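Q: After the structure tokens below, expect a handful of questions from me.
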Ligand code: PRX
């Protein structure tokens with residue numbers, strides 16, 4: 322599978338090889354950058370030298386931890402590596418909330434704005450670090466009173482409101498493990514995640530605003546809780562004040578249970594390696610994987626990468642325009658920025674709503690200096706046209722960022738020209754839910770080439786391997802990480818075997834990222850996309866098998882195969898081939914019904930863009946669906962040898978369906 326993709330990748334490289342443009346960062350930005358100051362302190366002159374020296378990972382990450390973290394009790398050892406299990410800052414007593422909030426109460430950060438919230442209807446509310454501290458403490462006290470404590474799992478099903486970071490930090494404060502579920506997921510998807518980690522408490526809200534509509538969340542949470550018997554209580558934050566269904570005894574209003582709680586709450590002193598959160602992400606098979614992250618390693622990884630890559634300074638206004646329901650929001654809206662004491666913009670609603678220039682207007686109004694978003698969002702804005710950013714004074718911007726999928730050079734150039742006015746370097750950051758923080762990324766001193774995430778971050782041992790596990794340059798191969806890193810996942814919830822199998826079994830003691838990549842002659846990493854069947858739609862990972870199971874759970878569907886097709890806005894679009902139960906007639910109504918069904922089973926983001934009815938899908942003799950063959954046929958590429966298939970005629974039908 323991966324091999325085939327790599328062959329395909331070689332063809333793509335020909336296109337990218339024509340991309341020869343190099344953009345140097347503005348000289349003053351590079352000269353005054355955080356990373357440059359650190360290099361000067363350590364007598365390091367060039368980027369190459371920095372990358373070379375920091376391959377002593379224990380030395381480097383100790384330096385970072387000593388600069389950025391504050392332990393209750395110092396650690397005895399930087400790293401304990403018993404592959405594939407890592408412990409960082411062993412013996413240290415720690416809690417991330419101490420660094421994200423408590424310690425700021427003793428400095429000027431206390432009165433600094435932590436979040437500048439803008440609701441979709443337009444209201445603006447500022448939360449200082451002192452406000453955050455008080456609200457987190459009140460909620461943490463209320464949760465403790467409900468009997469929630471160290472190691473308990475708390476589900477957070479909330480939209481983009483400041484109360485979501487408040488709830489995350491309140492969990493961490495008392496040593497509970499949060500599991501945020503994206504508010505766009507359906508009740509069924511929520512229930513699956515709540516059940517997987519035996520969630521004790523769920524926190525949600527009544528409704529929230531999206532594209533001018535009120536989206537009801539509490540009824541979805543109710544449906545999920547019917548299927549999740551471990552949930553004892555549900556705390557509901559009142560966002561819009563509209564009526565919601567209520568279960569007396571189980572449901573509690575956030576404002577009522579926090580009203581009488583004190584604004585102080587003791588932070589639980591944890592082991593540095595205790596779990597901070599679980600976040601579910603898609604894999605190729607079966608259920609979503611519960612990625613686990615631990616306190617101290619994750620804290621230093623997110624803070625150090627943000628400080629160096631986006632060069633955050635005292636007076637920057639940072640806007641990470643991701644949703645907190647995904648890892649980007651966890652690391653770069655909540656934990657990283659708060660450890661650094663940064664000011665963030667947090668926006669509730671849809672981009673380009675109600676007007677196409679909403680984002681650009683917000684950048685001007687909030688004086689945003691660093692913007693971090695996805696190629697999908699850039700392409701959507703590109704389509705709306707440059708007149709919209711051109712209408713606004715965005716000269717406060719000094720750096721831009723991209724994440725989630727490869728950014729095509731055309732979108733890169735548009736972003737650079739019309740948003741950054743040719744003056745803001747674009748930090749194309751490659752990382753994953755599993756890695757916790759940036760792994761391959763430019764720094765403000767890196768020469769940029771459009772379309773590449775450039776080099777590994779200092780202290781990250783990334784390589785490209787061929788099938789034999791030898792490091793290669795100039796050809797497509799497997800992106801791997803040879804040494805542990807502080808923010809790395811600490812296994813999958815209750816599933817150590819799957820952890821070993823998925824990430825550590827292909828190459829010995831080496832992390833397999835699952836992305837096909839090529840390193841060019843200058844050591845730049847060109848990430849091409851997934852080597853497996855995992856889809857990337859609008860920067861969100863969606864497991865083909867999840868969509869297939871959702872389709873098959875419909876009584877009229879016998880079998881399905883889901884593939885990704887290139888899509889000019891979303892990166893990939895979902896295309897489903899469906900085999901119906903005998904006697905069921907295909908129709909447009911059924912197509913619409915199946916789309917809706919997937920929406921209910923998983924969420925709107927997973928609804929297939931195309932559904933094709935076929936009699937059979939191509940399979941191997943052992944019954945494995947050949948998605949690679951289907952994809953090739955569907956997009957008109959060379960299919961290759963089909964003689965090993967059990968049903969080669971099914972390939973022809975796929976072709977005719979298009
Ligand atoms: O395929 C890569 C792609 O997104 C995957 C990780 O998805 P997820 O865990 O949902 O996290 C997304 C946000 C960190 C990767 O395996 N990806 C992420 N960033 C990039 C990227 N592909 C190319 N370039 C990137 N900058």
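Residue numbers (the numbering used here): 322 to 979.
C-beta: ideal position from N, C-alpha, C; glycine also.
The model shown is predicted, which means the values in this text are computed figures rather than measured ones.
Please state if the CB of residue 730 and the CB of residue 797 are separated by a distance shorter than 7 Å.
A: no
Q: Mind checking which residues open and close the alpha helix (DSSP H) that includes residue 362?
A: 355-362
Q: Straight-line CA distance for residue 614 to residue 564?
A: Within the model, the alpha-carbon separation for residue 614 versus residue 564 is close to 36 Å.
Q: Rounded to the nearest angstrom, what separates residue 475 and residue 486 at their Cα positions?
A: 13 Å
Q: Spatial neighbours of residue 372 within its chain, please: CB distance less than 8 Å, with the 5 preceding and 5 following residues excluded, ordered by chain position.
A: 776, 777 and 779
Q: Answer yes or no: the CB of residue 609 versus the heavy atoms of the ligand PRX, is any distance below 6 Å?
A: no
Q: Can you list, in chain order, the stretches of the beta strand (DSSP E) that have 3 or more residues and sit fully within the segment 810-879?
A: 832-840, 846-851, 856-858 and 861-863
Q: I'd like to confirm something about residue 749: is its beta-carbon nearer than 6 Å to some heavy atom of the ligand PRX, or not?
A: yes
Q: Could you name the residues of the same chain whose beta carbon sits closer than 8 Å to that of residue 445, not counting the 5 residues immediately before and after it, in chain order?
A: 437, 438 and 439
Q: According to DSSP, is residue 625 helix, strand or coil?
A: helix
Q: Using a threshold of 6 Å, is the CB atom of residue 514 nearer than that to any non-hydrogen atom of the ligand PRX?
A: no
Q: DSSP has residue 692 in a bridge; who is on the other side?
A: 640 and 721
Q: Any heavy atom of the ligand PRX closer than 6 Å to the CB of residue 976?
A: Taking 6 Å as the cut-off, the C-beta of residue 976 does not count as close to any heavy atom of the ligand PRX.
Q: Please confirm whether any heavy atom of the ligand PRX lies closer than 6 Å to the CB of residue 754.
A: In this structure, the C-beta of residue 754 approaches the ligand PRX to less than 6 Å from one of its heavy atoms.
Q: Run the CB neighbour count on residue 353, radius 10 Å, all protein chains shown included, and call it buried at 16 or more, exposed below.
A: exposed
Q: Is residue 758 helix, strand or coil when you go by DSSP?
A: coil
Q: Please go through the same chain and pick out, in chain order, the residues whose beta-carbon is closer than 6 Å to the beta-carbon of residue 645, but skip the five residues on each side of it.
A: 485 and 654
Q: Buried or exposed: which applies to residue 703, given that a residue is buried once 16 or more other Cβ atoms fall within 10 Å of its Cβ?
A: Classification for residue 703: buried.
Q: In this structure, does DSSP put residue 1007 in helix, strand or coil?
A: The requested residue 1007 is not part of the displayed model; the chain covers only 322 to 979.
Q: Restricting to Cα atoms, I'd like to know which of 831, 790, 931 and 815 is closest to residue 804.
A: Distances from the alpha-carbon of residue 804 to those of 831, 790, 931 and 815 put 831 closest.
Q: Which term fits residue 903, buried or exposed, when burial requires 16 or more other beta carbons within 10 angstroms of its beta carbon?
A: Per the 10 Å Cβ criterion, exposed.
Q: Does the Cβ of residue 403 have 16 or more other Cβ atoms within 10 Å, making it buried, or fewer, making it exposed?
A: exposed
Q: Identify the continuous alpha helix (DSSP H) that holds residue 657 and give its terminal residues.
A: 657-661
Q: For the candidate residues 856, 869, 827 and 795, whose alpha-carbon lies nearest to that of residue 840?
A: 795
Q: Which one of 785, 667 and 963 has the shortest CA to CA distance from residue 846?
A: 785
Q: Indicate, with yes or no, if the ligand PRX has a heavy atom lying under 6 Å from the CB of residue 725.
A: yes
Q: At the level of alpha carbons, what is the spacing between residue 914 and residue 977?
A: Taking the straight line joining both Cα atoms gives about 23 Å.
Q: Please determine whether the Cβ atom of residue 794 lies at a distance below 6 Å from any heavy atom of the ligand PRX.
A: Every heavy atom of the ligand PRX is 6 Å or more from the Cβ of residue 794, so no.
Q: Grouping DSSP H, G and I as helix and E and B as strand, with all else coil, what is residue 921?
A: Look at residue 921 here: in three-state DSSP terms it is helix.
Q: Measure the CB-CB distance between residue 617 and residue 381 and report whether it falls below 7 Å.
A: no
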